[in-house]
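Following: one structure in structure tokens, then a few remarks.
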Amino acid sequence: MKKLLREFFKGIGSENPIFRLILGLCPALAVSTSVVNGLGMGIAATFVLLGSNIIISLVRKSIPDQIRIPCFIVIIATFVTIVELMMKAYAPELSKSLGIFVPLIVVNCMVLGRAEAFACREGVLASTLDALGMGVGFTLALLLISAIRELLGNGTLLGFLILKSFDPVLYLVLAPGALLVIGLLIGGINFLSSKRRSA
Amino acid sequence: MDLAMFLSVIIGAIFINNFILSKFLGLCSFIGISKETKPALYMGVSVTFVTTCASIITWAIYNFILAPFHIEYLRTISFILVIASFVQFVEIVIKKFSQALYRTLGIYLPLITVNCAVFGVAVLNSEMFFKRGINTLTSFTMSALQGFCVGLGYILVMLFMSGIRERLELCDIPKSFKDAPIAFIIASLMSMAFMGFSGFRF
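Residue numbers (the working numbering), protein chains in the order written: chain P, 30 to 228; chain Z, 24 to 225.
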């Protein structure tokens with residue numbers, strides 16, 4: 030039980046896909062202009078991760094080793110197509126603002142990375158928890174980045190005006206701002222964790 | 024097919040909408056392989072080759088299979104499968120014909136399968152050039168051209184970045200900002216410089 034819980038929590042903390050493993054960055058930076066987009070992308074990626082991890086760990090014994098990557102990709106692409114169609118049907122606004130980054134979940138290194146590093150070795154329950162933990166960690170990281178960018182770049186949070194007497198820093202909503210925010214965040218987290226280790 | 028349209032695709036793909044700096048596609052490999060100039064250049068060349076060929080192949084699939092049968096929703100799954108098998112095929116061919124080339128490029132090829140830039144350019148082509156009113160010939164040339172220019176833009180930024188990072192090795196950077204964080208901050212400054220290109224109008 031303790032081991033399973035550890036699989037879940039490592040994705041949020043010590044092996045956070047964005048801040049620690051530096052995986053899955055393209056969507057993290059491109060869609061994090063507002064909290065709503067960040068949350069939508071986080072949930073979509075978590076669903077794909079969960080589905081593909083479960084299926085891959087179920088069929089892991091019958092996939093030959095040489096062609097495992099194409100097999101994984103087909104499974105992942107199936108779930109991405111499901112998400113794409115569902116999002117178009119139930120959240121057309123979100124689907125429009127995420128644009129090509131919804132189909133791009135298929136080449137998100139995080140999803141294939143988890144399939145390769147975890148789901149093809151471990152059982153179903155452990156893989157499910159691993160996917161959930163990684164998904165939650167990814168979503169939280171996206172929320173943090175998008176909250177910073179939306180609050181400082183636009184003065185709003187979830188669309189509500191928060192900072193009234195403040196000139197928004199448009200730079201943060203544009204492309205260079207995303208790179209700066211993530212660079213500072215990763216550096217800051219490295220700094221904090223090295224401090225804790227030495228203390 | 025006029026010249027202005029060609030130019031706007033070329034300049035657009037290399038500078039204005041540079042895949043790495045303004046669309047964030049191919050970031051993982053950009054941060055991972057840009058530590059030295061030589062591997063960065065090799066990676067850039069292989070990416071350019073694959074994006075060009077992938078654009079042509081996915082154009083054929085979209086134009087002759089997906090669009091006529093109205094099964095556009097299978098785009099994601101068919102494109103990624105074709106790209107993955109194409110990369111595998113290239114790897115086998117290179118291994119067979121030139122061991123020297125395989126040793127320099129071989130390790131990058133598997134990485135290209137999951138490089139967002141390759142899949143991204145295929146999806147982008149299918150969204151940009153398949154509107155009603157654009158004839159087949161134009162959409163083909165435009166797709167191939169965009170694939171090639173995206174690769175050129177990728178090489179350009181990889182070379183800039185690896186040049187800067189080679190010099191950074193000698194600098195005194197705070198310990199927690201070494202490697203990835205400082206690379207992101209440099210990329211941010213470069214991206215700001217590239218935003219200057221967005222003033223171009225055609």
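A virtual CB, placed ideally from N, CA and C, is assigned to each residue, including glycine.
> Can you tell which of P:Ala59, P:Gly182, P:Lys39 has its C-alpha closest to the C-alpha of Leu50 (chain P)?
Replying inline: P:Lys39
>> Starting from Leu213 (chain P), trace the alpha helix (DSSP H) in both directions and tell me its first and last residue.
In response: 204-227
> Val189 (chain P) bridges to which residues according to DSSP?
Replying inline: It should be noted that the sequence gives Phe, not Val, for residue 189 (chain P). Its beta-bridge partners are P:Leu186.
> Hey, would you say Val60 (chain P) sits closer than 7 Å to Phe130 (chain P), going by beta carbons?
Replying inline: yes
>> List, in chain order, every chain Z residue whose beta-carbon is nearer than 9 Å to that of Ser223 (chain P).
In response: Lys198, Ser199
>> In this structure, how does DSSP classify Asn137 (chain P) when only helix, strand and coil are distinguished?
In response: coil
> Between the region 100-118 of chain P and chain Z, which residues of the former have CB atoms less than 7 Å from a CB of the latter, in chain order?
Replying inline: Ile102, Val103, Ala106, Thr107, Val109, Thr110, Glu113, Leu114
>> On a Cα-Cα basis, can you pick out the residue from P:Phe220, P:Asn183, P:Val135 that is closest to Ala74 (chain P)?
In response: P:Val135
> Just how far apart, CA to CA, sit Asn40 (chain Z) and Lys46 (chain Z)?
Replying inline: 7 Å
>> Please list, in chain order, the chain P residues whose beta carbon lies closer than 9 Å to that of Val146 (chain Z).
In response: Ile129, Pro132, Leu133
> At which residues does the alpha helix (DSSP H) containing Cys194 (chain Z) begin and terminate?
Replying inline: That residue, Cys194 (chain Z), is in no alpha helix (DSSP H); it is neither H nor E in DSSP.
> Name the chain P residues whose beta carbon is nearer than 8 Å to that of Leu132 (chain Z)?
Replying inline: Per Cβ cutoff of 8 Å: no residues; Leu132 (chain Z) is ~12 Å from chain P at best.
> Hey, would you say Leu50 (chain Z) sits closer than 7 Å to Leu54 (chain P), going by beta carbons?
Replying inline: yes
> Interface residues of chain P around Met66 (chain Z) at Cβ under 9 Å?
Replying inline: Going along chain P, no residue has its Cβ under 9 Å from Met66 (chain Z), so there is no contact; the nearest lies around 15 Å.
> With distances taken from CA atoms, which of P:Ile102, P:Asn66, P:Leu173 is nearest Asn45 (chain P)?
Replying inline: P:Leu173
> Does the beta carbon of Asn219 (chain P) come closer than 7 Å to any beta carbon on chain Z?
Replying inline: yes
>> Which residues in chain P have a C-beta closer than 7 Å to the C-beta of Cys139 (chain Z)? List them in chain order.
In response: Cys55, Leu133, Val136
> Got a sec: which bits of the region 192-222 of chain P sit with their beta carbon under 9 Å from any beta carbon on chain Z, in order along the chain?
Replying inline: Tyr200, Leu203, Ala204, Pro205, Gly206, Ala207, Leu208, Leu209, Val210, Ile211, Gly212, Leu213, Leu214, Ile215, Gly216, Gly217, Ile218, Asn219, Phe220, Leu221, Ser222
> Is Pro121 (chain P) buried or exposed, if buried means 16 or more other CB atoms sit within 10 Å of its CB?
Replying inline: exposed
> Going by alpha carbons, who is nearest to Val70 (chain Z) out of Z:Phe223, Z:Pro204, Z:Val141?
Replying inline: Z:Val141
> Looking at C-alpha atoms only, which residue of Z:Leu193, Z:Ile187, Z:Asp195 is the closest neighbour of Ile209 (chain Z)?
Replying inline: Z:Ile187
> Helix, strand or coil for Arg150 (chain P) per DSSP?
Replying inline: coil
> Relative to chain Z, which residues along the region 135-159 of chain P have a C-beta separation below 7 Å, given in chain order?
Replying inline: Val135, Val136, Cys138, Leu141
> Helix, strand or coil: how does DSSP classify Leu97 (chain Z) here?
Replying inline: helix
> From Phe42 (chain Z) to Lys31 (chain P), what distance separates their C-alpha atoms?
Replying inline: 43 Å
> Between the Cα of Ala118 (chain P) and the Cα atoms of Z:Val110, Z:Tyr96, Z:Ile100, which residue gives the shortest distance?
Replying inline: Z:Tyr96
> Short check: CB of Leu141 (chain P) to CB of Val137 (chain Z), under 7 Å?
Replying inline: yes
>> Looking at chain P, is there any beta carbon in it that lies within less than 7 Å of the beta carbon of Met215 (chain Z)?
In response: yes
> What are the residues of the region 81-103 of chain Z that lie near chain P, defined by any Cβ-Cβ distance shorter than 9 Å?
Replying inline: Tyr96, Leu97, Arg98, Thr99, Ile100, Ser101, Phe102, Ile103
> Taking Cβ positions, are Val144 (chain Z) and Thr75 (chain Z) nearer each other than 7 Å?
Replying inline: no
> Leu52 (chain P) versus chain Z: which residues are under 9 Å apart at the beta carbon?
Replying inline: Cys51
>> Taking the beta carbon of Ser175 (chain P) as the centre, do at least 16 other beta carbons fall within 10 Å, making it buried, or is it exposed?
In response: buried
> Are the C-beta of Pro204 (chain Z) and some C-beta of chain P separated by less than 7 Å?
Replying inline: yes
>> Assuming Ala118 (chain P) is part of the alpha helix (DSSP H), what are its boundary residues?
In response: 97-119
> Taking Cβ positions, are Thr99 (chain Z) and Pro99 (chain P) nearer each other than 7 Å?
Replying inline: no
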